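Colleague: My structure is below; once you've seen it, I'll send some questions.
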Amino acid sequence: MQRIDRDGNYTAFPGVTVIAGIGDKHISFWQSVYHFLSQSELICKYYKPLPYESYHMTTCNLYTKEQHPNDWPAIITRKRSFLQKIHAVLSEMLLTPKVSIDYISIPEVLQLYVSLPAEQEELIKAIAREFELEEYVPTSFHITLAYEYNPIVDQEAYDAIKNECANLLHICQKEGNIILDCPKLSFFNSMEKFIPWDGRANPFIEHTTNQAGFFRTPQLSSFVDTISSCFSCKFF
1 MQRIDRDGNY TAFPGVTVIA GIGDKHISFW QSVYHFLSQS ELICKYYKPL
51 PYESYHMTTC NLYTKEQHPN DWPAIITRKR SFLQKIHAVL SEMLLTPKVS
101 IDYISIPEVL QLYVSLPAEQ EELIKAIARE FELEEYVPTS FHITLAYEYN
151 PIVDQEAYDA IKNECANLLH ICQKEGNIIL DCPKLSFFNS MEKFIPWDGR
201 ANPFIEHTTN QAGFFRTPQL SSFVDTISSC FSCKFF
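Under UniProt numbering, the first residue of the sequence shown carries the number 1, and numbering increases by one thereafter.
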């Protein structure tokens with residue numbers, strides 16, 4: 001599966017992960033990063049900037065359809081109890097990662113590589129270790145800003161993009177330490193949006209209650225069942 005097509009459109013790429021979102025503390029900074037990327041004709045010729053709302057640092061990779069093509073989304077249904085436990089532990093964790101931006105990586109993906117205090121990194125690994133997921137913690141923490149859709153094939157273009165990224169890195173490092181949100185269990189359907197999730201209802205299954213598909217949400221289904229029960233008790 002590809003995250004982006006050759007026309008620069010982000011494609012369906014569903015999965016579940018644990019991420020620390022950018023939060024609100026440095027929102028103007030992240031908006032300026034997005035503005036820099038989206039206004040750069042050179043970068044946009046080769047990369048499609050992600051919306052800044054999607055920016056995040058992954059703390060533990062979990063499941064994607066790419067990894068489980070023949071077992072999707074059933075694997076998420078089977079793992080719900082496990083995922084709910086992860087959500088519960090994360091909800092009690094008082095960790096707001098404090099990152100500093102070290103460098104920018106290209107070409108296939110434009111990413112900010114970051115470092116965080118050793119004690120915070122160890123806490124992230126300790127939680128993963130509790131669920132036997134330590135091997136799924138990224139070896140290097142990063143924040144993805146854009147994916148390449150038009151391959152860079154000549155050295156001149158590559159060097160020009162490196163210079164552009166050097167300008168962006170200068171802006172980023174002036175910000176100093178950056179506070180992120182607490183890590184949360186999240187799901188995604190593409191790289192453009194990551195949604196916090198409690199691990200309960202499988203978000204990759206469309207819920208319907210009849211063949212006509214008139215009622216399409218669990219809430220409506222529950223409401224109908226309640227009304228039916230009331231009428232049954234009163235009149236029969």
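Virtual Cβ for every residue (Gly too), placed ideally from N, Cα, C.
No experiment lies behind these values; they were computed from the predicted model shown.
For K85, which three-state DSSP category applies?
Modeller: Looking at K85 - three-state DSSP - the assignment turns out to be helix.
Colleague: When you compare only the Cα positions, how much space is there between L83 and P117?
Modeller: Going from the Cα of L83 to the Cα of P117 covers about 27 Å.
Colleague: I'd like the list of long-range same chain contacts for V109, defined as Cβ closer than 8 Å, with 5 residues on each side in sequence excluded.
Modeller: Excluding sequence neighbours, V109 sits near T144, A146, Y147, E148.
Colleague: Helix, strand or coil: which one does DSSP assign to Y147?
Modeller: Strand, per DSSP.
Colleague: Specify the secondary structure class of residue 244 as computed by DSSP and reduced to three states.
Modeller: Absent from the structure is residue 244, since the part of the chain shown begins at 1 and ends at 236.
Colleague: So, do the stretch 7-25 and the stretch 185-202 have three or more beta carbon pairs nearer to each other than 8 Å?
Modeller: In short, these stretches touch, since the Cβ pair count reaches three.
Colleague: Let me check understanding here. Comparing Cα to Cα, which of G199, S40, G23 lies closest to L95?
Modeller: Of the listed residues, the one whose Cα sits closest to L95 is G23.
Colleague: Residues in its own chain within less than 8 Å of H26 by CB, not counting five upstream and five downstream?
Modeller: For H26, where only same-chain residues beyond five positions count, the Cβ hits under 8 Å are E175, I178, I179.
Colleague: With a cut-off of 8 Å on the beta carbons, I'd call I43 and E164 a contact; round off their distance for me.
Modeller: Rounded, the Cβ-Cβ distance is 6 Å, consistent with contact.
Colleague: Curious, which full-length beta strand (DSSP E) runs of at least 3 residues does the stretch 96-163 contain?
Modeller: Entirely contained in the stretch 96-163, the beta strand (DSSP E) runs reaching 3 residues are, in chain order, 98-105, 109-115, 142-148.
Colleague: Quick check: S38 and M191, are their CB atoms within less than 8 Å of each other?
Modeller: No, the Cβ-Cβ distance between S38 and M191 is not below 8 Å.
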